[in-house]
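This is the structure we're talking about:
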């Protein structure tokens, strides 16, 4: 059975060009980039090149890029560093829809004597800018807001939010794990102080991430050890991962146009097709300010895990914000923060596309999905109980 | 991804007895759309007062659908007195086991069955008497008590896996712990009621206890246990499957099987492992 992979916000396939690029660094080119001999030195040169490739994609200078092991490490390093930089400030500002890498850390810090404000979002998942601005105080050490939401794809106005923070002398970090490579980013033109990104979300391998730290920003290292990354992150470099991330960023810059035209068209074809074929379905989140590859659609009166397992029978990979898939007993915190009704939240499915998807694949999903939903609705005690219950299309 | 047994997958993909019975003898509804799963169970009796037909409708995940379907199969042909004795573990066992975090699906099945039988008899269901403990999922103290005593639960996490209680805001964790402590402190009535056992009774009770209390958890780890002989108060057992090669096997014997048998059969029992 052919796999139709529409779960690219979870992880992506390693691009064939990236795979080819990194192979030698697992075999013959195993030198340590810190070594004095040219055998290691040649790897060091490739790492410098990767740093330039990454900086170029996000509009940074190479020495503003620190390699980490993943997006979560980048988020943790940024937030903890800011708290150390301003030890007399005890307030953290985030939003209610952050990824667990930020949200769980912030909740933990709230048990360690910090005050936490989570700015709310409206029912389209848009940040409440007024409440956000009101939450900024002289005691705020760090703001951390995601650039784009992993579940809905909704894009926050982080540049505007960063300026509000800078005006008050507050450090601003953005978790841009879902945004980098999908939408153009030019950090030179923003007031963002720190930005996290992750390799495996943009066709690089897992186990590699990066943190952008604006020149002049106070930074204390999260991993203390050797002199790697100019002492800002100890530990021998993940050479293959770094070189892969560099190549993936170079490719992402080339594919940016494609992401925002072809991928977007495929996403819209899928989304509009599902909405028109399946009654009582609706899109979660703001459709205008959104990543080009993501759609979160809810199908009323059915449950997400059951939908995913039926899709799995056809080789279709997606994900859900339902309780049974979130690892807890409640639907995703993102959908709850948006006030998505329970009848809808439990039946939410996220499709996230990539440049490797084709029109045939989308049409296959459009062909199979109505039957899947119908099958489950026939089992559901809520379906047809009250036919006047109708969702906004 | 959940590790479902082939039987769970089969009952999810091809559920038996879907629908609602027209003019049923009993109907029970459990769960709600807010909680993420709900079940409507209905049955009809034949002239001998045995369940002739059972049907279900489920809103929920794969295991909620599979357990409801399995329950309708188990119910059929039983009298209401027999059906009343179906435990959530029976439903899980019928499907070859459920992931622990999904045991609440089997509990939902049993609760819907209780309600359907109560509906037939025209009396309020057992759960209706209790006080709500978990506000997030609307779980009562009676429901938690029953789950704790029937499934021998010992932690808050267990209770959440089996009833969902405590899986939301967490404000009720203290109250759940108090219920666990209270239920586990109660002397088991079966022991007090039968002071002197004949050998036949003893063997039967040992077999029942092994079946109900011990095998299900051993099987979750791919093991099993067999009763070889009972001589006086010496209980000879042999381990099978994963248990036979497990380093912790002896530990399992002493701390788990013996405690259970002493608690539920008679306190004099000594468990011995034999290699057969």
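Residue numbers (my numbering), protein chains in the order written: chain A, 891 to 1283; chain B, 277 to 552.
Note that beta-carbon positions come from the ideal geometry of N, C-alpha and C, so glycine has one too.
All of these numbers come straight from a predicted model, not from anything done at the bench.
Item                                                                                                                                                      : Value
Please check if any C-beta of chain B sits within less than 8 Å of the C-beta of residue 989 of chain A.                                                  : no
Quickly, what does DSSP pair residue 1233 of chain A with across the bridge? List them, please.                                                           : Looking at the DSSP assignment, residue 1233 of chain A forms no beta bridge with any residue, so it has no partner.
With burial defined as no fewer than 16 other Cβ atoms inside 10 Å of the residue's Cβ, what is the status of residue 1063 of chain A: buried or exposed? : buried
Taking the alpha-carbon positions, what's the residue 543 of chain B to residue 510 of chain B distance?                                                  : 12 Å
Name the DSSP beta bridge partners of residue 1261 of chain A, please?                                                                                    : BP columns for residue 1261 of chain A are empty, so no partner.
Below 7 Å CB to CB, which residues in the same chain sit around residue 537 of chain B once its five sequence neighbours on both sides are set aside?     : 482, 485, 511, 545 and 547
How would you write the range of the alpha helix (DSSP H) that residue 1038 of chain A sits in, first residue to last?                                    : Note, residue 1038 of chain A: premise wrong, no alpha helix (DSSP H); not H, not E.
Pick helix, strand or coil for residue 1077 of chain A, following the three-state DSSP scheme.                                                            : helix
Using only the alpha-carbon positions, how far apart do residue 1003 of chain A and residue 317 of chain B sit?                                           : 50 Å
Tell me which residues of the segment 505 to 519 of chain B have at least one Cβ-Cβ distance to chain A shorter than 9 Å, keeping chain order.            : none
What are the residues in the segment 289 to 301 of chain B lying within 9 Å of chain A by C-beta distance?                                                : 289, 291, 294, 295 and 296
Use the C-beta contact count for residue 1024 of chain A: other C-beta atoms within 10 angstroms, 16 or more gives buried, fewer gives exposed.           : exposed
With DSSP collapsed to three states, give me the class of residue 469 of chain B.                                                                         : Unreliable placement is indicated for residue 469 of chain B, whose pLDDT of 49 sits below 50; the coordinate value is still reported in the next sentence. Of the three classes helix, strand and coil, the one that applies to residue 469 of chain B here is helix, per DSSP.
Between A:1072, A:1192 and A:1250, which lies nearest to residue 309 of chain B when the distance is taken from Cα to Cα?                                 : A:1192
Classify residue 1103 of chain A: buried if its beta carbon has 16 or more other beta carbons within 10 angstroms, exposed otherwise.                     : buried
Taking the continuous beta strand (DSSP E) assigned at residue 280 of chain B, which residues delimit it?                                                 : No beta strand (DSSP E) contains residue 280 of chain B, which DSSP labels as neither H nor E.
How long is the line joining the alpha carbons of residue 1116 of chain A and residue 1208 of chain A, rounded to whole angstroms?                        : 41 Å
How would you list, in chain order, the residues of chain A whose beta-carbon sits under 8 Å from the beta-carbon of residue 309 of chain B?              : 1191, 1232, 1233, 1236 and 1272
Which term fits residue 1052 of chain A, buried or exposed, when burial requires 16 or more other beta carbons within 10 angstroms of its beta carbon?    : buried
Among the candidates A:959, A:1015 and A:1006, whose CA atom is the shortest distance from the CA of residue 1227 of chain A?                             : A:1015
Three or more beta-carbon pairs under 8 Å between the segment 975 to 984 of chain A and the segment 1032 to 1040 of chain A, yes or no?                   : yes
Does DSSP classify residue 900 of chain A as helix, strand or coil?                                                                                       : coil
Could you spell out where the beta strand (DSSP E) holding residue 499 of chain B opens and where it closes?                                              : 499 to 507
Under 8 Å between beta-carbons, which chain B residues line up against residue 1212 of chain A? List them in chain order, please.                         : 312 and 337
Quick check on residue 553 of chain B - is its C-beta less than 8 Å from some C-beta in chain A?                                                          : The structure shown does not extend to residue 553 of chain B, since chain B is modelled only from 277 through 552, so no value can be given for it.
In angstroms, rounded to a whole number, what distance separates the CA positions of residue 919 of chain A and residue 933 of chain A?                   : 7 Å
For a contact meaning CB atoms closer than 7 Å, what does residue 485 of chain B contact in chain A?                                                      : Per Cβ cutoff of 7 Å: no residues; residue 485 of chain B is ~31 Å from chain A at best.
Show which residues of chain B have a CB atom less than 8 Å away from the CB atom of residue 1227 of chain A.                                             : The premise fails here: residue 1227 of chain A is roughly 15 Å from chain B at the closest Cβ pair, so nothing lies under 8 Å.
Please state if the CB of residue 1060 of chain A and the CB of residue 1026 of chain A are separated by a distance shorter than 8 Å.                     : yes
Within 10 angstroms of the Cβ of residue 962 of chain A, are there 16 or more other Cβ atoms? Answer buried if so, exposed if not.                        : buried
Quick check: the Cα distance between residue 1231 of chain A and residue 1264 of chain A, rounded to an integer number of angstroms?                      : 20 Å
Could you run through the segment 1244 to 1260 of chain A and flag, in chain order, every residue whose CB is less than 8 Å away from some CB of chain B? : none
Going by DSSP, name the residue or residues bridged to residue 1185 of chain A.                                                                           : A:1241
Given this structure, state the Cα-to-Cα distance separating residue 279 of chain B from residue 1148 of chain A, to the nearest angstrom.                : 38 Å
Looking at C-alpha atoms only, which residue of A:1270, A:1247 and A:1187 is the closest neighbour of residue 1043 of chain A?                            : A:1187
In chain B, which residues lie less than 8 Å from residue 1041 of chain A when you measure between Cβ atoms?                                              : Neighbours of residue 1041 of chain A on chain B: none; closest Cβ ~17 Å, over 8 Å.
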